[in-house]
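Chemist: Sequential numbering from 248 applies to the sequence shown in my numbering. Sharing a structure below in structure tokens format, with a few things to ask.
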Amino acid sequence: MSETGESTQILADRLRLGAGFAESERPHVLDLLASLERHLARWDPEQVNLEIRVKDRGGPEQRVTLEAWLPGWPSVVATVADPELDRGVVEARKELIRQVEDEKARRAARKGHATRYGSA
Numbered sequence: 248m249s250e251t252g253e254s255t256q257i258l259a260d261r262l263r264l265g266a267g268f269a270e271s272e273r274p275h276v277l278d279l280l281a282s283l284e285r286h287l288a289r290w291d292p293e294q295v296n297l298e299i300r301v302k303d304r305g306g307p308e309q310r311v312t313l314e315a316w317l318p319g320w321p322s323v324v325a326t327v328a329d330p331e332l333d334r335g336v337v338e339a340r341k342e343l344i345r346q347v348e349d350e351k352a353r354r355a356a357r358k359g360h361a362t363r364y365g366s367a
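Quick look at the structure:
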């Protein structure tokens with residue numbers, strides 16, 4: 248895989264469709280999760296694993312879970328309850344991104360990097 252193609256292939260190569268999703272839905276799910284790519288680009292794609300699943304699909308208690316396993320980190324899990332599947336996938340993506348960015352900031356602060364408040 249070329250260097251320029253690596254970051255754009257993380258989702259396509261590393262996303263596992265779990266319970267409640269059919270393989271035929273992969274292109275649509277990848278489109279909904281596309282903005283997650285840049286937040287995962289710092290890791291070797293071969294070491295990133297992602298899974299999305301839905302529980303009680305189509306029901307009022309429908310829950311979408313997006314889980315990421317990143318090297319050197321505990322698993323990151325975002326779960327959203329939403330009766331509208333696409334909206335649930337998008338909200339789970341946003342929550343996973345928030346958790347990843349928060350953890351990056353915590354790790355940077357522990358290493359003594361400057362924070363947004365200007366302390367170095």
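Just so you know, even glycine gets a beta-carbon here, dropped at the ideal spot from N, CA and C.
1) Starting from residue 302 and walking both ways along the beta strand (DSSP E), at which residues does that stretch end?
2) DSSP state of residue 288, grouped into three classes?
3) In its own chain, which residues sit with a C-beta less than 8 Å from the C-beta of residue 277, not counting the 5 before and 5 after it?
4) Tell me the DSSP bridge mates of residue 310?
5) If residue 273 sits next to residue 283, beta carbons under 8 Å apart, how far is it from one beta carbon to the other, in whole angstroms?
6) Confirm, please, whether the CB-CB distance from residue 347 to residue 324 is below 9 Å.
7) Count the other C-beta atoms from every protein chain shown that fall within 10 angstroms of the C-beta of residue 340, then say buried if there are 16 or more, exposed otherwise.
8) Which residue's Cα is closest to the Cα of residue 286: 351, 356, 359?
9) Name the residue from 310, 271, 359, 316 whose alpha carbon lies nearest to the alpha carbon of residue 293.
10) Between residue 268 and residue 359, what straight-line distance do the alpha-carbon atoms span, to the nearest angstrom?
11) Who are the near neighbours of residue 355 in its chain, counting only those whose CB is closer than 6 Å to its CB and skipping five residues on each side?
12) Taking residue 327 and residue 314 to be in contact with their CB atoms under 8 Å, please state how far apart those CB atoms are, rounded to whole angstroms.
Modeler: Inspection of the coordinates gives the following:
1) 296–302
2) coil
3) 258, 259, 262
4) 302, 328
5) Not really, about 15 Å apart at Cβ, beyond 8 Å.
6) no
7) buried
8) 351
9) 316
10) 42 Å
11) none
12) Actually they are not in contact, since the Cβ atoms of residue 327 and residue 314 sit about 12 Å apart, beyond 8 Å.
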